[in-house]
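Participant: Once you've had a glance at the structure underneath, I'll fire off some questions.
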RNA sequence: GCCCCCGUAGCUCAGCUGGAUAGAGCGACGGCCUUCUAAGCCGUGGGUCGCAGGUUCGAGUCCUGCCGGGGGCGCCA
């Protein structure tokens, strides 16, 4: 029974005071209307401080069901809740169309902080109601050149999403799939061979300077044939790509070779053909083998094997989908560039033809990053060779700022990255604001002895009972929002929400730091409480940054 | 022609799948360092949420149609 809400999944109530609160509101609402499922109430922060610590729409949701006006129901819900919460609920108001504004006690806030500290590293984790085995395949740029800057968005997105899903409670594999067979690879081999022999690259070939480098670095390149050169070039380029990604903080469980799908007898490609044929989803026409993807919503059928016997890339994609499913992957996430959106229907159809549920294959579309140099657009064509590589971008802007920038915007929006600005103003990037807050806390708490810190953080530490400062209450509420934010980011596949959260949390800490003296505060119980609050903020900032793959430095 | 994404402050963008008087950063203007890090803080100015309808107690959010920007539609990837 889902007693809580439509606000994503409910994180473990024991680690989330907010989830607990939602639970209580839901029960109060259910009690108000008698029998039936508790409604999926919302409990959220109102915009204005005088509207309470939290507000709920429970009564408005019940109104249609109960056939009574929301404000009337609100009174009953609120008194039910008051009974359940005792002194934690200081007072409540019924406002506007039927909101119940909740004013929570200082004791509730202090208890919330204890919960955060008790959860430790696990704070905000484990909210997935049904943990799944998830595979995220991302970047997967063909090793026909260095990674371009735009790949930095895919890499940051896929990696951060993986981290968030793991924190949320899923089991996650990260894979990079690369083509090392087929036409583009042959073309690469021919391009290298041409350069090795001092010739012009063939029509449509790869013209970048790196192709000459490859020709030089491969020993005896002039005397090797194109196939051999392609193989050597791919190995070199893949190693470089991996190096760039590692530098960027992106670690894969596997770099998956397309070629392995064609190997063995029967190969995965052949097995995949058998599976879809057994389902009656294939047919021969004009000498080619087709997959009837139109049965599953695609707008035309797709070729698996051409009339000349060669299989298509799509056939390999089909085989890879099968291979992943047979390994026990329950959810496949495949973020791709928005220019690949035409693939979504056929991939989902392929997955369905293999017997899968199309909902278990998701392909978030990632919009482009345009590199702008002042007012000019920097082009990024690999074949023409006039691109900015990810490595060059990292040299200019740095890993943390690049990741933060790439993740800051929702993935379905195009972004312009002004290199001039990034270079000049990188110290003013918001990422430093968040990191600065973290470093500041480390520095501040570093003034204390370890035993003082431990005493303040101890589960039974005396934090006194003085009225809390507004900034203290706000900071606690910012901390309590974290589990919901993780859940939201995970379920909407939206790492950018963690970026926004990290900024908001850093801002709340800074306001607290401005208003409340920590080290040396009197009496000692207040100092203890503020130490604990600062440490909880530090840990949560560090966790949020970790989910983004951004460092949390001790000093700046 | 069909399909996908977007249109919110001067600029770049959030807006928690329908809630109360729409927010942040940057830029502009004016202030703040003998006091736990000034990569910081405080204040001011800035909006017909592209346009027009619709759904309802309530729409930046959902539906329809336009307008504008970006991208995609092959036995290429």
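Numbering (the numbering used here), first residue to last: 406 to 961. All C-beta atoms in this analysis are idealised placements derived from N, C-alpha and C, irrespective of residue type, glycine included. Source: prediction; values computed, not measured.
Residue 581 lies in the beta strand (DSSP E); which residues open and close that run?
Facilitator: In the first chain, counting from the first residue as 1, residue 581 sits at position 176. Taken as a continuous stretch (DSSP letters only), the beta strand (DSSP E) holding residue 581 covers 576-583.
Participant: Under 7 Å Cβ to Cβ from residue 876, same chain only, skipping five residues before and after it: list those, please.
Facilitator: Within the first chain, numbered from 1, the residue matching residue 876 stands at position 471. For residue 876, where only same-chain residues beyond five positions count, the Cβ hits under 7 Å are 916, 917, 920 and 921.
Participant: Taking the beta carbon of residue 683 as the centre, do at least 16 other beta carbons fall within 10 Å, making it buried, or is it exposed?
Facilitator: As a first step, residue 683 must be located in the first chain, where it is residue number 278. Looking at its Cβ environment, which holds fewer than 16 other Cβ atoms inside 10 Å, residue 683 is exposed.
Participant: Looking only at its own chain, which residues have a Cβ that is under 7 Å from the Cβ of residue 790, when we skip the five neighbours before and after it?
Facilitator: Residue 790 sits at position 385 when you count from the first residue of the first chain. Residue placement at residue 790 is flagged as unreliable, the pLDDT there being 45, under the threshold of 50; the coordinate-derived value follows with that caveat. If we look at residue 790 and ignore the five residues flanking it on each side, its Cβ neighbours are 612, 613 and 614.
Participant: Are residue 941 and residue 518 close, meaning C-beta to C-beta below 8 Å?
Facilitator: Here residue 941 refers to the residue found at position 536 of the first chain. Here residue 518 refers to the residue found at position 113 of the first chain. Contact: yes.
Participant: Per DSSP, which residues does residue 737 bridge with? Please list them.
Facilitator: For the purposes of this step, residue 737 is taken as residue 332 along the first chain, with counting starting at 1. Residue 737 is bridged to 540 and 766.
Participant: Is it true that the CB of residue 812 sits closer than 8 Å to the CB of residue 567?
Facilitator: The sequence position of residue 567 within the first chain is 162, counting from 1. The sequence position of residue 812 within the first chain is 407, counting from 1. Contact: no.
Participant: Residue 730: which of 754, 743, 444 and 761 sits nearest, CA to CA?
Facilitator: The count along the first chain starts at 1 and reaches residue 730 at position 325. It is 761.
Participant: From the DSSP output, which residues share a beta bridge with residue 775?
Facilitator: Numbered from its first residue, the first chain carries residue 775 at position 370. The partner list for residue 775 (beta bridge, DSSP) reads 821.
Participant: Is the CB-CB distance between residue 603 and residue 592 below 8 Å?
Facilitator: Within the first chain, residue 603 is the residue found at index 198, counting from 1. Within the first chain, residue 592 is the residue found at index 187, counting from 1. Against a cut-off of 8 Å, the Cβ pair of residue 592 and residue 603 comes out as no contact.
Participant: From the DSSP output, which residues share a beta bridge with residue 696?
Facilitator: Against the first chain, residue 696 aligns to sequence position 291. DSSP, once it has assigned bridges, lists 687 and 707 as partnering residue 696.
Participant: Between the Cα of residue 665 and the Cα atoms of 759, 733, 644 and 585, which residue gives the shortest distance?
Facilitator: By one-based count along the first chain, residue 665 stands at place 260. Taking only the C-alpha atoms, the option nearest residue 665 is 585.
Participant: According to DSSP, is residue 461 helix, strand or coil?
Facilitator: Your numbering for residue 461 matches position 56 in the first chain. Reduced to three states, the DSSP call for residue 461 is strand.
Participant: Answer yes or no: do residue 772 and residue 819 have a C-beta to C-beta separation smaller than 8 Å?
Facilitator: To locate residue 772, count along the first chain from 1; it is residue 367. To locate residue 819, count along the first chain from 1; it is residue 414. Cβ distance < 8 Å, so residue 772 and residue 819 count as in contact.
Participant: Starting from residue 433 and walking both ways along the alpha helix (DSSP H), at which residues does that stretch end?
Facilitator: On the first chain, residue 433 is found 28 positions in, with the first residue counted as 1. Counting along the chain, the alpha helix (DSSP H) containing residue 433 begins and ends at 422-438.
Participant: Determine the extent of the alpha helix (DSSP H) in which residue 719 is found, giving its start and end residues.
Facilitator: In the first chain, residue 719 corresponds to position 314, counting from 1. Taken as a continuous stretch (DSSP letters only), the alpha helix (DSSP H) holding residue 719 covers 718-731.
Participant: Which ranges would you report for the beta strand (DSSP E) in the segment 880-907 if only whole runs of at least 3 residues count?
Facilitator: none
Participant: Taking residue 573 as the reference, give the member of 530, 534 and 595 with the closest Cα.
Facilitator: Your numbering for residue 573 matches position 168 in the first chain. For residue 573, the nearest C-alpha among the options comes from 530.
Participant: For the beta strand (DSSP E) containing residue 605, list its first residue and its last residue.
Facilitator: Sequence index remark: in the first chain, residue 605 carries index 200 (1-based). Counting along the chain, residue 605 falls outside any beta strand (DSSP E), and DSSP gives it neither H nor E.
Participant: Around the Cβ of residue 656, are there at least 16 other Cβ atoms within 10 angstroms (buried) or fewer (exposed)?
Facilitator: To locate residue 656, count along the first chain from 1; it is residue 251. Of the residues assessed, residue 656 falls on the exposed side of the cut-off, its CB having fewer than 16 other CB atoms within 10 angstroms.
Participant: Do residue 444 and residue 434 have their CB atoms nearer than 8 Å?
Facilitator: On the first chain, residue 444 is found 39 positions in, with the first residue counted as 1. On the first chain, residue 434 is found 29 positions in, with the first residue counted as 1. Yes; because the gap between Cβ atoms is below 8 Å, this pair is in contact.
Participant: To the nearest whole angstrom, what separates the beta carbons of residue 759 and residue 726, a pair I think is in contact under 8 Å?
Facilitator: Within the first chain, residue 759 is the residue found at index 354, counting from 1. Within the first chain, residue 726 is the residue found at index 321, counting from 1. Going by Cβ atoms, the distance from residue 759 to residue 726 rounds to 6 Å, so yes, they are a contact pair.
Participant: Look at the alpha carbon of residue 750 and the alpha carbon of residue 704, and state the distance between them as a whole number of angstroms.
Facilitator: As a first step, residue 750 is located in the first chain; it is residue number 345 there, counting from the start. As a first step, residue 704 is located in the first chain; it is residue number 299 there, counting from the start. Whole-angstrom Cα-Cα distance: 8 Å.
Participant: Can you tell me where the alpha helix (DSSP H) with residue 629 in it begins and where it stops?
Facilitator: Taking the first chain and counting its residues from 1, the one referred to as residue 629 is at position 224. Counting along the chain, residue 629 falls outside any alpha helix (DSSP H), and DSSP gives it neither H nor E.
Participant: Could you tell me which uninterrupted beta strand (DSSP E) segments, each at least 3 residues in length, are contained entirely in the segment 456-511, listed from first to last along the chain?
Facilitator: 459-461, 494-500 and 504-509
Participant: Decide if residue 753 is buried, meaning its Cβ has at least 16 other Cβ atoms within 10 Å, or exposed.
Facilitator: In the first chain, the residue the question calls residue 753 occupies position 348. Counting Cβ neighbours within 10 Å, residue 753 comes out buried, since at least 16 surround it.
Participant: Cα separation between residue 579 and residue 658?
Facilitator: Start at 1 with the first residue of the first chain, and residue 579 comes out as number 174. Start at 1 with the first residue of the first chain, and residue 658 comes out as number 253. In a straight line, the C-alpha of residue 579 is about 5 Å away from that of residue 658.
Participant: Should residue 961 go down as buried or exposed, given a rule of 16 or more other Cβ atoms within 10 Å for buried?
Facilitator: As a first step, residue 961 must be located in the first chain, where it is residue number 556. By the neighbour-count rule (16 or more Cβ atoms within 10 Å), residue 961 is not buried but exposed.
Participant: Taking just the CA atoms, how far does residue 863 sit from residue 945?
Facilitator: In the first chain, residue 945 corresponds to position 540, counting from 1. In the first chain, residue 863 corresponds to position 458, counting from 1. Answer to the nearest angstrom: the Cα atoms are 18 Å apart.
Participant: Three Cβ pairs or more, each shorter than 8 Å: is that satisfied between the segment 710-722 and the segment 512-527?
Facilitator: no
Participant: Report the three-state DSSP secondary structure of residue 556 (helix, strand or coil).
Facilitator: As a first step, residue 556 must be located in the first chain, where it is residue number 151. Helix, per DSSP.
Participant: Using only the alpha-carbon positions, how far apart do residue 635 and residue 698 sit?
Facilitator: By one-based count along the first chain, residue 635 stands at place 230. By one-based count along the first chain, residue 698 stands at place 293. Cα-Cα distance, rounded: 33 Å.
Participant: Under a three-way DSSP split, which group does residue 616 fall into?
Facilitator: Working through the first chain from its first residue, we reach residue 616 at position 211. In the structure shown, residue 616 sits in a helix (DSSP, three-state: H, G or I).
Participant: Checking 8 Å against the spacing of the C-beta atoms, do residue 581 and residue 795 come in under that value?
Facilitator: The residue given as residue 581 occupies position 176 in the first chain. The residue given as residue 795 occupies position 390 in the first chain. No, the Cβ-Cβ distance between residue 581 and residue 795 is not below 8 Å.
Participant: Less than 8 Å between the CB atoms is what I'm expecting for residue 723 and residue 767, so what's the real figure, rounded?
Facilitator: Walking along the first chain from the start, residue 723 turns up at place 318. Walking along the first chain from the start, residue 767 turns up at place 362. In fact, because the Cβ distance is near 17 Å, the residues do not count as touching under 8 Å.
Participant: Would you check if the distance between the CB atom of residue 475 and the CB atom of residue 464 is smaller than 8 Å?
Facilitator: The residue you call residue 475 lines up with position 70 of the first chain. The residue you call residue 464 lines up with position 59 of the first chain. Yes, Cβ-Cβ distance for residue 475 and residue 464 is below 8 Å.
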